[in-house]
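J.: First residue of the sequence shown? That's 1 in the numbering used here, and the numbers climb one at a time after it.
C-beta atoms are modelled at their ideal positions from N, C-alpha and C, and glycine is treated no differently.
Encoded as structure tokens, here's the structure I'll be asking about.
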Amino acid sequence: MERFEGLMMGGDHTEIQQNYSKLQSDLQALAQKIGELESEAEEHDLVISTLSDVEPSRKCFRMIGGVLVERTVGDVSPALQANLEGIKKVIETLANQYKSKEEEFTSFVKEDNIRQARA
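What follows is the structure in structure tokens.
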């Protein structure tokens, strides 16, 4: 955990430390979730591009809720495309939340005059 020094303008030292840690962990959690979703979107892109060269009547398998089901490429491709669009929208929403949280963190650091302490 990072050590920091703050002038006690916005509250006691412990409260400032807790808020700092919470904001930092919120930012890390958002960044991690964005990374996971970007990876999932890349997987969807890869599968969609692979299936684009295959005839729509060809048999394929899809995992739905832990169950492997048989479908055709024509059935699966639109569903994959819809899922990809949904993932992209969630990534965009999370990126906006990240920017907002980052601004909140920056203003918190400025308001309480927080700076990293040298070890």
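On the CB-based measure, 16 or more other CB atoms within 10 Å of its CB, does residue 54 come out buried or exposed?
T.: The sequence position of residue 54 within the sequence shown is 54, counting from 1. Exposed, by the Cβ-count rule.
J.: Which of helix, strand or coil does DSSP assign to residue 55?
T.: Here residue 55 corresponds to residue number 55 of the sequence shown, with the count starting at 1. Coil, per DSSP.
J.: Which whole-angstrom value is the C-beta distance of residue 40 and residue 87, which I expect to be below 8 Å?
T.: Here residue 40 refers to the residue found at position 40 of the sequence shown. Here residue 87 refers to the residue found at position 87 of the sequence shown. Yes, they are in contact, since the Cβ atoms of residue 40 and residue 87 sit about 6 Å apart, within 8 Å.
J.: Report the option in 112, 15, 97, 113 whose CA atom is closest to the CA atom of residue 28.
T.: Locating residue 28 in the sequence shown gives position 28, where the first residue counts as 1. Measuring from the Cα of residue 28, the nearest candidate turns out to be 97.
J.: Does DSSP put residue 64 in a helix, a strand or coil?
T.: Walking along the sequence shown from the start, residue 64 turns up at place 64. If DSSP states are grouped into helix, strand and coil, residue 64 belongs with the strands.
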